[in-house]
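Convert by adding 12 to the 1-based position in the sequence shown; the result is the number in our numbering. Where is the CB? At the ideal position from N, CA and C, for every residue including glycine. To start, the structure itself, in structure tokens.
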Amino acid sequence: MPYFEDEQRYFVTTEYDAIGRLISTTKPADEGKTATSSTSYNGLSTTITNALGHKKTTTKNIIGKVIRIDEPKGAWLTHHYDSIGNLIKTVVGGVTTTMEYDIRGNKTKMNDPDMGTWTYSYNALGKLVSQTDAKGQTSTMAYDKLGRMTQRTEAEGTSTWTYDTKSKGIGKPAVITGPNGYKKELSYDALGRVSSSTLTANGETFTTTNTYDSYSRLSVQTRPQNFKVENVYNQYGYLMAKRAPKAQITDYDREYLSKLLEQSTANARKATEQANKLEIKISKYNAYSEYYTKLATKLLEGSGLLNEDAQKLRDNATLLDELSNKLEQKAQYFRSLADNASMKAYMGSGFTPLVVQRNKALYFDIAERLTNKHNSI
């Protein structure tokens, strides 16, 4: 692991089996501990178990192509191939993506549930010359006689590649341009190695320079803001370490952290203001909620009392109806008695039945309405 000269060193250790296959990797972890992942093999399946015990199993076919991956917690995907090894179908958790190819093995169509349907076309050399996405947007590519891409036109704009124009740069890219003013220019030294690259983006220019050792290995790379990175090789020529002056890293980190702190402080201030506003609203809403709760309780209590009063009135009305019916029955009884008594009185006085009936009508009229006093018998 990268480290400063006066700091503690951390190492990553690996173990292999008798035939050179990786079987374990141990890396530094928090609080001075280590985390170990292991790899086991079972025929065409390889299982990796990380430090948390999560397992991922990859299964390949006899020609080394992945046909199934089982992730932790039951996730899985499968790959399906045609007779010449082209991937024609992928199934992820039951969702299927399909691909089609021409007789040369070039992919001509892809149907993806997320991306939609894409189509592709090629030139006689098998170079992709156009692709159309699910929105109907077409990107086109152009190549020179050596098959190098010289232009690509997309919805975002056009990118170009220019070759062979730089000193000692025959057969190599010289200038690359892209949308929104993007430009990258390369320069080469006497041996054709990249000596510098200048990148222009968003109106700013950044230059990176390279120096090489006597074996043509990249020795020092000077990046924008004069930040230098040195490559260190061992006696066998393998890259052993990358170094940078601590002062540069400290200054760089301090500047970066200062900007990050400033931005974080501003974000925290905005978040605090927003939280204060929300807390004021919450206080108001809580007050309204308490008021409405009390009002609802009073209304419920009042409605309960009103329901009780209404029930009492309904009960009283029922009793009055029953009493009224009983009194009506008694009234009918007394009317019947009066009718009988009147009939007997008139009959005893020598009146004919017709006259009795007429006088009876007058009698009841007088008794009930006190009208028609002058009606004759």
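### Message
Can you confirm whether the region 161–168 touches the region 180–189 when touching is taken to mean that 3 or more C-beta pairs between the two stretches lie within less than 8 Å?
### Response
The answer is no - the region 161–168 does not touch the region 180–189, with fewer than three Cβ pairs under 8 Å.
### Task
Give the straight-line distance between the Cα atoms of S289 and A283, rounded to the nearest whole angstrom.
To locate residue 289, count along the sequence shown from 1; it is residue 277. To locate residue 283, count along the sequence shown from 1; it is residue 271. Before going further, note that residue 289 is Lys rather than Ser in the sequence given. Going by the C-alpha atoms only, they are around 10 Å apart.
### Task
Would you give the residue range spanned by the beta strand (DSSP E) that T37 belongs to?
By one-based count along the sequence shown, residue 37 stands at place 25. Per DSSP, T37 belongs to the beta strand (DSSP E) from L34 to P40.
### Task
Could you pull out every unbroken beta strand (DSSP E) segment of at least 3 residues lying fully inside the region 40–76, listed in chain order?
The qualifying runs are 46–54, 57–61 and 67–72.
### Task
Go ahead and pull the three-state DSSP assignment for F23.
Reading the sequence shown from its first residue, position 11 is the one you call residue 23. Look at F23 here: in three-state DSSP terms it is coil, with no helix or strand label.
### Cβ neighbours of V107 in the same chain (closer than 7 Å, five flanking residues each side left out)
One-based indexing of the sequence shown puts residue 107 at position 95. Around V107, the same chain offers P125 as residues with beta carbons nearer than 7 Å, after the five sequence neighbours per side are excluded.
#### Entry: Within 8 Å, strictly: CB atoms of I79 and H91
As a first step, residue 79 must be located in the sequence shown, where it is residue number 67. As a first step, residue 91 must be located in the sequence shown, where it is residue number 79. Going by C-beta atoms, I79 is nearer than 8 Å to H91.
### Task
Take the Cβ of K342 as the centre, count every other Cβ of all protein chains shown within 10 Å, and call the residue buried at 16 or more, exposed below.
On the sequence shown, residue 342 is found 330 positions in, with the first residue counted as 1. When all chains shown are included, K342 counts as exposed.
### Query
What are the uninterrupted segments assigned as beta strand (DSSP E) that are 3 or more residues long and contained completely in the region 167–238, given in chain order?
Residue ranges of uninterrupted beta strand (DSSP E) with 3 or more members, entirely inside the region 167–238 and ordered along the chain, are 169–175, 185–190, 194–200, 206–213, 216–224 and 230–235.
### Message
Quick check on DSSP: helix, strand or coil for L366?
### Response
As a working note, residue 366 is residue 354 in the sequence shown. Model confidence at L366 stands at a pLDDT of 47, short of 50, so the residue's coordinates are unreliable; what they give is reported in the following sentence. Here L366 carries a helix assignment [DSSP, helix/strand/coil].
### Query
Can I115 be considered in contact with the ligand PLP, in the sense that its beta carbon sits closer than 7 Å to one or more heavy atoms?
For the structure depicted, the ligand PLP is absent and the ligand set is empty, with no information on it obtainable.
### Message
When you compare the CB positions of N238 and L230, do they come within less than 8 Å of one another, or not?
### Response
Residue numbering aside, residue 238 sits at position 226 when the sequence shown is read from its first letter. Residue numbering aside, residue 230 sits at position 218 when the sequence shown is read from its first letter. The Cβ-Cβ distance between N238 and L230 does not fall below 8 Å.
### Query
Does the Cβ-Cβ distance between L56 and T71 come in under 8 Å?
To locate residue 56, count along the sequence shown from 1; it is residue 44. To locate residue 71, count along the sequence shown from 1; it is residue 59. Annotated as proximal: L56 and T71, with beta-carbon spacing under 8 Å.
### Task
Could you say which of G249, I96, T59 and K39 lies nearest to R116 if we only look at CA atoms?
Your numbering for residue 116 matches position 104 in the sequence shown. Among G249, I96, T59 and K39, the Cα nearest to that of R116 is on I96.
### Message
To the nearest angstrom, how far is the alpha carbon of Y28 from that of Y22?
### Response
Reading the sequence shown from its first residue, position 16 is the one you call residue 28. Reading the sequence shown from its first residue, position 10 is the one you call residue 22. Roughly 20 Å separates the two Cα atoms.
### Query
According to the neighbour-count rule (16 or more other Cβ atoms, all chains shown, within 10 Å of its Cβ), is M111 buried or exposed?
Indexing the sequence shown from 1 puts residue 111 at position 99. Answer is buried; the Cβ neighbour count reaches 16.
### Query
Whole-angstrom Cβ separation of L137 and G159, contact assumed at under 8 Å?
To locate residue 137, count along the sequence shown from 1; it is residue 125. To locate residue 159, count along the sequence shown from 1; it is residue 147. Correct: roughly 6 Å between the Cβ atoms.
### Query
Closest by CA to V187, which one among Y194, G193 and T174?
Against the sequence shown, residue 187 aligns to sequence position 175. Nearest C-alpha to V187: T174.
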